[in-house]
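In the working numbering, the protein residues as written are 60 to 143.
Below: the structure, in structure tokens.
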Amino acid sequence: MKNIDEQIRNLLASAACGLSDSDVKNASEFIEHNEFGVAFELICDQLYENESQISSELIGDISRIAKLMQLDDNSWSFLKENVG
Numbered sequence: 060m061k062n063i064d065e066q067i068r069n070l071l072a073s074a075a076c077g078l079s080d081s082d083v084k085n086a087s088e089f090i091e092h093n094e095f096g097v098a099f100e101l102i103c104d105q106l107y108e109n110e111s112q113i114s115s116e117l118i119g120d121i122s123r124i125a126k127l128m129q130l131d132d133n134s135w136s137f138l139k140e141n142v143g
């Protein structure tokens, strides 16, 4: 299994089209400083705030990363509304 650093980077790359340039930059900076939880939260929150349509594959990736990081489902499950 890939380490969390690589998984968060892949998530950011997959989600980038639904994020602003500044969100991508900020998330990248958090990742560089090993602030994976903050980066994950920013990605999820901004996808939701931007009402970005996400794939069921991406929501699966988000779910797996949350479990790996031992995060509560409440940290990402609101994104299910954006699956389209």
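We put the beta carbon where it would ideally sit given N, CA and C, even for glycine.
It should be emphasised that the depicted structure is a prediction, and the values quoted were computed from it without experimental measurement.
Same chain only: Cβ atoms within 8 Å of residue i, ignoring 5 sequence neighbours per side
i, result
"G58", "Nothing can be reported for residue 58: it is not among the residues displayed for the chain, which extend from 60 to 143."
Short Cβ contact (7 Å threshold) for residue i with residue j
i, j, result
"S111", "V142", "no"
"S73", "L138", "no"
"Q66", "I113", "no"
Option nearest residue i by Cα separation, candidates the options
i, options, result
"E140", "E100, S73, Y107", "Y107"
"A75", "D132, Q105, N133", "Q105"
Cβ shell of residue i (< 6 Å), same chain only, five flanking positions each side left out
i, result
"A86", "L71, A98, L101, I102"
"I121", "W135"
Where residue i falls, given that 16 or more other Cβ within 10 Å makes a residue buried
i, result
"M60", "Note that M60 scores a pLDDT of 46, beneath 50, so its modelled location is shaky and nothing firm can be said."
Own chain partners of residue i with C-beta closer than 7 Å, once the 5 adjacent residues on each side are dropped
i, result
"I47", "Shown here, the chain extends from 60 to 143; a query on residue 47 therefore has no answer."
"D82", "L101, Q105"
"G77", "L106, N109, S111, I113"
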